[in-house]
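As they're listed, the protein sequences go chains A and B.
Each residue of the first sequence is one higher than the last, beginning at 1 in the working numbering.
Each residue of the second sequence is one higher than the last, beginning at 497 in the working numbering.
Quick reminder that beta carbons are idealized off the backbone N, C-alpha and C, glycines included.
First comes the structure, then the notes that go with it.
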Amino acid sequence: MILEEPIKGVPLVKNFIDGEWVESKGEIRDVVNPAKYEVIAKVPISTKDEIEAAVEAAKAAFPDWRRTTPLARARCLFRLKELLEEHFEEVSRVQTQEHGKTIDESRGETRRGIENVEVACGVPTLMMGYNLEDIATGIDEYLIRQPLGVFGIIGPFNFPFMIPLWSAPYAVATGNCVVIKPSSEVPLSQMKIAELVDEAGFPPGVWNVVNGGRTVVNGMLDHPDIQGIAFVGSTPTARDVIYKRCGEMGKRVIAQGGAKNFMVIMPDANVRATILALMTSFFGNTGQRCLSGANLVIVGEDDGFYKSFMDAVVATTSKIVIGCGLDESVQMGPLRDKEKKEKVIGYIESGLQQGAKLRLDGRKNIKVVGDYPDTCFLGPTIFEDVTLDMKIGSEEIFGPVMSVMRAKNLDEAIEMANSNLFGNAHAVFTASGKIAREFQYRVTSGSVGINIGIVAPMAFFPFSGMKQSFFGILHTQGQEAVRFFTESKVVIQRWF
Amino acid sequence: MNLQTASAVISFAKSLEDESAKFYQDLAQRYAEDKDVLVAFATENRKNIVQIERAYYGVISDAIEGCFAFDIEPDAYKLETALAEGTSYHDALGKAIELEEKIVKFYADAAEQSKSLMADVPRAFMLIVKKRAKRGTELRSLLGKEGQ
Numbered sequence: 001m002i003l004e005e006p007i008k009g010v011p012l013v014k015n016f017i018d019g020e021w022v023e024s025k026g027e028i029r030d031v032v033n034p035a036k037y038e039v040i041a042k043v044p045i046s047t048k049d050e051i052e053a054a055v056e057a058a059k060a061a062f063p064d065w066r067r068t069t070p071l072a073r074a075r076c077l078f079r080l081k082e083l084l085e086e087h088f089e090e091v092s093r094v095q096t097q098e099h100g101k102t103i104d105e106s107r108g109e110t111r112r113g114i115e116n117v118e119v120a121c122g123v124p125t126l127m128m129g130y131n132l133e134d135i136a137t138g139i140d141e142y143l144i145r146q147p148l149g150v151f152g153i154i155g156p157f158n159f160p161f162m163i164p165l166w167s168a169p170y171a172v173a174t175g176n177c178v179v180i181k182p183s184s185e186v187p188l189s190q191m192k193i194a195e196l197v198d199e200a201g202f203p204p205g206v207w208n209v210v211n212g213g214r215t216v217v218n219g220m221l222d223h224p225d226i227q228g229i230a231f232v233g234s235t236p237t238a239r240d241v242i243y244k245r246c247g248e249m250g251k252r253v254i255a256q257g258g259a260k261n262f263m264v265i266m267p268d269a270n271v272r273a274t275i276l277a278l279m280t281s282f283f284g285n286t287g288q289r290c291l292s293g294a295n296l297v298i299v300g301e302d303d304g305f306y307k308s309f310m311d312a313v314v315a316t317t318s319k320i321v322i323g324c325g326l327d328e329s330v331q332m333g334p335l336r337d338k339e340k341k342e343k344v345i346g347y348i349e350s351g352l353q354q355g356a357k358l359r360l361d362g363r364k365n366i367k368v369v370g371d372y373p374d375t376c377f378l379g380p381t382i383f384e385d386v387t388l389d390m391k392i393g394s395e396e397i398f399g400p401v402m403s404v405m406r407a408k409n410l411d412e413a414i415e416m417a418n419s420n421l422f423g424n425a426h427a428v429f430t431a432s433g434k435i436a437r438e439f440q441y442r443v444t445s446g447s448v449g450i451n452i453g454i455v456a457p458m459a460f461f462p463f464s465g466m467k468q469s470f471f472g473i474l475h476t477q478g479q480e481a482v483r484f485f486t487e488s489k490v491v492i493q494r495w496f
Numbered sequence: 497m498n499l500q501t502a503s504a505v506i507s508f509a510k511s512l513e514d515e516s517a518k519f520y521q522d523l524a525q526r527y528a529e530d531k532d533v534l535v536a537f538a539t540e541n542r543k544n545i546v547q548i549e550r551a552y553y554g555v556i557s558d559a560i561e562g563c564f565a566f567d568i569e570p571d572a573y574k575l576e577t578a579l580a581e582g583t584s585y586h587d588a589l590g591k592a593i594e595l596e597e598k599i600v601k602f603y604a605d606a607a608e609q610s611k612s613l614m615a616d617v618p619r620a621f622m623l624i625v626k627k628r629a630k631r632g633t634e635l636r637s638l639l640g641k642e643g644q
């Protein structure tokens, strides 16, 4: 069944500043549905004045919002949660329309986003400090958490709905105000959320959305009234722009970057379940996520196991149904745009040039279900005989490409994973608890999967990352987000 | 084409529930003998849809194997719900039993395929298997009563 599209016509996306929908004076660009390769909306590239107006509105709203009780702030979030549930299907389909992902993936993204709102509703408890009576006779000491002011939240293109919700609910729950910049490629999900924020009764200025690009990002980074930035995107931007500039400006920062995740397969793994998990890991979201599997490392010198496992992987992969994500039969959507497709093709070509064996070529015979142009579609690709020094074995491809390697034993597999610059979400597939523990103990990645292909932390756990995958100290989601968005103030008191 | 995604399987389950609800409503209109029981079956079908949707929308996540959890051949569970003019109540009940057996098989197969991947959905499916198995017994008892 093909589901109905929620976005009709070609709406112009506006900024949401101080509780009003404001038309930008900036350049207007197209928002393209990658499955149909048609324009579905227009988005502004907002100006410096517009980001400043949003920060000004947020700053002005902060004193009253901060004084609003945590209970009352939580009630706004409860209303937002209810509205998101009511519009669950609509916002999910918007994600598919603007991003291209399958409807199951979009609904999954919606659920994960809502879970962050749910967790942030617990702010009266989450924000509690602690105390100790009689640190000296008659003197008590206690810690309170206080909001800081205005925060900037910068989202990527791959999860247009969920990723800003890793931060924004916690920021406002703790009494801060936010300015969100969605990716200009996929601005519609955040527009929908802002409509529901408005309906939920948040005071004007608490939650602002400014669409755009570099000007808006620089406007946030340079603005003295922005206390901190939560960013998710590429490693060069996270490291060289966001983290660096936040350091110079004295801002708090969460900068989540890229990844190259190793999926380590032990010979005792449950083959059927592992292969299905690998399909989601490598090809879910068309490989466009920082939790995707990138390198598949098959452990052991048993050629028979390697061959039968790979035959099964290739057989399953080659049956993946590709098409428009609103078609319920589709298992993999398009890449977000044709430039991203070209970039992935560039990696495939480099793999061939560097001597990897192309077992499944996603460039050829792309069978797209339905009558859609193949502009942004690319089939799943599998390389064997990949080495760590190849570009496809070391760099983040961000597309549906599986690079297969072999390791003699677990030690070598862990060394291979740890030699990579990134450290986001490595996983091991095994029936052995001893092996799983060893892997978990030694592997350098912020999240670790044991028989899990997409190691996505739930909203009440931090979204961690190590090495070149993360820059900062505290993380998004849960308790750590509460810590990030508050200052710990310690009071020592004595009464004469 | 086989149903492989969770979304497609949930839609298919809903269509089975809808179709069978219409079938029982039709039976209830045609055969007054056990009208209340048949209407109750139709009502329960609608509750089943709510139960399935609640499980699916509650558990679906970008991290689980939603697009790869199933391999269901829909034609294997195609329902025969048309009743010819003049069909006896006895034959209609026989058709209802066949229909229930097919639906039970669908839910059991779908639950088996996805049990290690998205636990809440197969659990919801198995709850419906239990309910429908009970319904099958009830239908057989109506058939027995009819035969006397």
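Does the distance from the C-beta atom of residue i to that of residue j stay below 9 Å?
i                            : j                            : result
phenylalanine 461 of chain A : glycine 433 of chain A       : no
glutamate 98 of chain A      : proline 156 of chain A       : no
arginine 359 of chain A      : phenylalanine 377 of chain A : no
methionine 263 of chain A    : serine 281 of chain A        : yes
threonine 110 of chain A     : phenylalanine 78 of chain A  : no
glycine 122 of chain A       : alanine 61 of chain A        : no
alanine 255 of chain A       : alanine 277 of chain A       : no
threonine 633 of chain B     : glycine 562 of chain B       : no
asparagine 208 of chain A    : valine 179 of chain A        : yes
lysine 260 of chain A        : glutamate 349 of chain A     : no
isoleucine 40 of chain A     : isoleucine 2 of chain A      : no
leucine 579 of chain B       : leucine 639 of chain B       : no
valine 197 of chain A        : alanine 58 of chain A        : no
tyrosine 553 of chain B      : arginine 107 of chain A      : yes
threonine 486 of chain A     : alanine 230 of chain A       : no
phenylalanine 398 of chain A : lysine 340 of chain A        : yes
glycine 423 of chain A       : serine 403 of chain A        : no
glycine 205 of chain A       : aspartate 18 of chain A      : yes
Could you please give the first and the last residue of the uninterrupted alpha helix (DSSP H) stretch that includes residue i?
i                            : result
asparagine 131 of chain A    : Segment 130–136 is the beta strand (DSSP E) holding asparagine 131 of chain A; no alpha helix (DSSP H) there.
phenylalanine 566 of chain B : Per DSSP, phenylalanine 566 of chain B belongs to no alpha helix (DSSP H) and is neither H nor E.
isoleucine 193 of chain A    : 188–200
phenylalanine 471 of chain B : This structure gives no information on residue 471 of chain B, because the portion of chain B shown stretches from 497 to 644.
valine 55 of chain A         : 48–67
asparagine 544 of chain B    : 531–555
valine 271 of chain A        : 271–283
proline 435 of chain A       : In the sequence as displayed, the identity of residue 435 of chain A is isoleucine instead of proline. Taken as a continuous stretch (DSSP letters only), the alpha helix (DSSP H) holding isoleucine 435 of chain A covers 433–442.
Considering just the uninterrupted stretch of the beta strand (DSSP E) at residue i, what are its terminal residues?
i                       : result
aspartate 30 of chain A : 27–33
proline 44 of chain A   : 38–45
From the DSSP secondary-structure annotation, give me the bridge partner or partners of residue i.
i                           : result
glutamate 384 of chain A    : A:Lys357
phenylalanine 16 of chain A : A:Trp21, A:Val209
glutamine 256 of chain A    : A:Val232, A:Phe470
isoleucine 2 of chain A     : A:Asp327
glutamate 342 of chain A    : None; glutamate 342 of chain A has no bridge partner.
asparagine 295 of chain A   : A:Phe262, A:Ser403
methionine 332 of chain A   : A:Ile322
leucine 499 of chain B      : B:Ile568
isoleucine 226 of chain A   : A:Val150
arginine 494 of chain A     : A:Ile139
Just the chain B side, please: which residues come within less than 9 Å of residue i by C-beta, in chain order?
i                           : result
phenylalanine 88 of chain A : Tyr553
Can you pull the chain B residues whose beta carbon is under 8 Å from the beta carbon of residue i, in chain order?
i                        : result
threonine 280 of chain A : Ala559, Ile560, Glu561, Gly562, Cys563, Phe564
methionine 1 of chain A  : Ala504, Ser507
leucine 276 of chain A   : Glu561, Phe564, Ala565, Leu613
Which chain B residues are close to residue i, counting only those with a beta carbon under 7 Å from its beta carbon?
i                         : result
glutamate 328 of chain A  : Thr501, Ser503, Ala504, Ser507
isoleucine 103 of chain A : Ser503
List, in order along the chain, the chain A residues whose C-beta lies closer than 8 Å to that of residue i?
i                         : result
methionine 497 of chain B : Val321, Ser329
Please list the partners that residue i has in chain A, where partner means a Cβ-to-Cβ separation under 7 Å.
i                         : result
isoleucine 556 of chain B : Asp104, Arg107, Gly108, Arg111
Measuring only from the beta carbon, is residue i closer than 8 Å to any heavy atom that is part of the ligand FMN?
i                       : result
tyrosine 372 of chain A : Absent from the structure shown: the ligand FMN. Ligands present: none.
(message) Suppose only complete runs of 4+ residues qualify. What are the alpha helix (DSSP H) ranges in the region 446–492 of chain A, listed by chain order?
(response) 478–484
(request) Mind listing, in chain order, the continuous alpha helix (DSSP H) runs of no fewer than 4 residues lying wholly within the region 106–185 of chain A? (result) Within the region 106–185 of chain A, the complete alpha helix (DSSP H) runs of at least 4 residues are 123–126, 168–173.
(request) Could you pull out every unbroken beta strand (DSSP E) segment of at least 3 residues lying fully inside the region 356–430 of chain A, listed in chain order? (result) 357–360, 381–384, 401–407, 425–429
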